[in-house]
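Novice: Just passing along the structure, written as C-alpha cells.
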Amino acid sequence: MALYLIGDVQGCNAALGQLLDKLAFSPSRDTVFLLGDLVNRGPDSLGVLRRVIALNGAAQVLLGNHDLHLLATANGVRKPHRNDTVDDILDAPDCDSLLTWLRHQPMALQAQGWLMVHAGVLPAWDVAQTLTLAGELQTVLRGPDWLDFLHHLYGNQPDRWRDDLTGFDRLRVIVNALTRLRFCTAEGVMEFDTKDSANAAPAGFMPWFDAPGRRTVDTPVAFGHWSTLGRVERADVLPLDTGCVWGGCLTAARLLDDRGNVERIEVRCAQAQRPGKKS
C-alpha cells in the first residue's frame, strides 16, 4: 500500500488523471491525500470533484481557500471573481450534492507521522492543537449554522491567535492560518498581502515554517497554497503547490517513512490558463 500527497489541483483534471496514471494509483490498494484547492482557475473543476469523489475512501481531501470560496460564491456570500472557473460546478445538476460533499471535508489531517494542512500552522500551535482547532472549524461547516459562518468568514482580523478568542473571531483566525498563511512574525502575527517567494518577506515577517519556537518543528508538515515558494529541501516541511494551474507541474509525494523522506513524482500541466492574480 502506498500513501501519496498531491498539491493544489485547482481544476486541472487532465493533469490529475495523468498523475494518478503515472503513479499506477490503485483505489483498492493506495491512498491519496489532496491538500486543498481542488477547484478554481483551471478548466475542469467539475471533473476534478467527480474524479475525487469516485475514489471514495482512497482519496482524503483537505479544504483550501478556493474550495471555501466556491461554497461562499454558490451561496451568495461572495461575488464571483473575474478569473473564477467554477460555473461548471454551479451549473451541474448535482451541484447541491457536490457542495455538500465538499463542506464535509476536513481542514487538517495527520497520517504516517505527517501533519497536513492547506496553507500553514501558527508557531504557537502544536500538532494536537492544530487538529483540535481544525475540528472546531469542521464542526461548524458541517452543522446547521454553516451559512451564518460563511457570512463572517472573510477578513484579516484578528491577525494573531489568542487562546481566549471566541465566536467568529476565533474561527476566522483558524481558517486564515490553515488556508491563507504564508508569512508571520515570530509572535504569530499573520500577513496576507505578500504572495511572492520566501525571499520577499516583509520586514519583521518570515515564512511561517521558519518562525522560531514553532511547536510543530518536530513533526513534518505538508502543505500547498504557495505556488511561488519554490522547492524547499527540508525534512520538516513539504510544500506541494508547484503551480500546475499557472503552467507548472502537478506534484505528488510518496511517503516513504515518518521521518520526512519522500519520493516526488510530477507531471507537466499543459493546458493554457486564464491570466489573473495568483492566490
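If you read the sequence shown in this note's numbering, its first letter stands for residue 50, the second for the next number, and so on. Cβ coordinates follow ideal geometry from the N, Cα and C atoms, glycine included.
By DSSP, does GLY192 sit in helix, in strand, or in coil?
Specialist: It is coil, neither helix nor strand.
Novice: Would you call THR215 buried or exposed, if buried means 16 or more other Cβ atoms sit within 10 Å of its Cβ?
Specialist: With fewer than 16 other Cβ atoms within 10 Å, it is exposed.
Novice: Between LEU158 and the rest of its own chain, which residues show a CB-CB distance below 7 Å, the 5 nearest in sequence each way excluded?
Specialist: Same-chain partners within the cutoff: PHE82, GLN109, LEU111, MET165.
Novice: Taking the C-alpha atoms as reference points, what is the distance between ARG308 and GLY162?
Specialist: If I take the Cα positions, the gap works out to 8 Å.
Novice: Under the rule that 16 or more other beta-carbon atoms within 10 Å means buried, what is MET50, buried or exposed?
Specialist: By the 10 Å Cβ count, MET50 comes out exposed.
Novice: Below 7 Å CB to CB, which residues in the same chain sit around ASN62 once its five sequence neighbours on both sides are set aside?
Specialist: Counting only Cβ-Cβ distances below 7 Å, and skipping sequence neighbours, we find ASP93, GLY96, VAL97, ARG100.
Novice: Beta-carbon within less than 7 Å of GLY106's beta-carbon, same chain only, minus the 5 sequence neighbours each way: which residues are those?
Specialist: Cβ within range, chain order: n/a, list empty.
Novice: With which residues is TYR203 paired in a DSSP beta bridge?
Specialist: Per DSSP, none; premise fails for TYR203.
Novice: Can you grab the Cα-Cα spacing for the pair ARG323 / ASP213, in whole Å?
Specialist: Low confidence applies to ARG323: its pLDDT is 46, below 50, so where it sits in the model is not reliable enough to give any reading.
Novice: In whole angstroms, what separates the C-alpha of PHE74 from that of ASN89?
Specialist: Between PHE74 and ASN89, the C-alpha separation is close to 24 Å.
Novice: Around the Cβ of HIS153, are there at least 16 other Cβ atoms within 10 angstroms (buried) or fewer (exposed)?
Specialist: The residue in question, HIS153, is exposed, as its Cβ has fewer than 16 Cβ neighbours within 10 Å.
Novice: So, for LEU10: in the same chain, excluding its five sequence neighbours on each side, which residues have a beta-carbon less than 6 Å away from its beta-carbon?
Specialist: The displayed coordinates of the chain run from 50 to 328. Any statement about residue 10 would go beyond what the structure contains.
Novice: Can you grab the Cα-Cα spacing for the pair ASP197 / GLN187, in whole Å?
Specialist: Roughly 14 Å between the two C-alpha positions.
Novice: Quick one: measure Cβ to Cβ for ASP306 and THR277, integer angstroms, because I've assumed they're closer than 8 Å.
Specialist: At roughly 29 Å, the Cβ-Cβ gap does not stay under 8 Å, so ASP306 and THR277 are not in contact.
Novice: Going by the beta-carbon positions, is the gap between GLY56 and VAL294 smaller than 8 Å?
Specialist: No, the Cβ-Cβ distance between GLY56 and VAL294 is not below 8 Å.
Novice: Using the Cα positions of TRP150 and VAL176, report the straight-line distance between them to the nearest angstrom.
Specialist: Answer to the nearest angstrom: the Cα atoms are 26 Å apart.
Novice: Just grab the DSSP bridge partners of GLN59 for me.
Specialist: In DSSP, GLN59 forms no bridge with anything.
Novice: If we call anything under 8 Å between Cβ atoms a contact, is ARG264 one with TRP195?
Specialist: Not a contact, by the Cβ cut-off of 8 Å.
Novice: Count the other C-beta atoms from every protein chain shown that fall within 10 angstroms of the C-beta of ALA249, then say buried if there are 16 or more, exposed otherwise.
Specialist: It counts as exposed.
Novice: So, is VAL281 buried or exposed, given that buried needs 16 or more other C-beta atoms within 10 angstroms?
Specialist: So VAL281 ends up on the exposed side.
Novice: Going by DSSP, what residue range makes up the alpha helix (DSSP H) through VAL166?
Specialist: VAL166 -> no alpha helix (DSSP H), and no H or E assigned at all.
Novice: If LEU199 and LEU120 are in contact, beta carbons under 8 Å, what's the gap, nearest whole angstrom?
Specialist: Right, the Cβ-Cβ distance comes to about 6 Å (below 8 Å), so this counts as a contact.
Novice: Do you know how far the Cα of PHE217 is from the Cα of MET156?
Specialist: Distance between the alpha carbons of MET156 and PHE217: 16 Å.
Novice: Answer with buried or exposed for ASP290, where buried requires no fewer than 16 other C-beta atoms within 10 angstroms of its C-beta.
Specialist: By the 10 Å Cβ count, ASP290 comes out buried.
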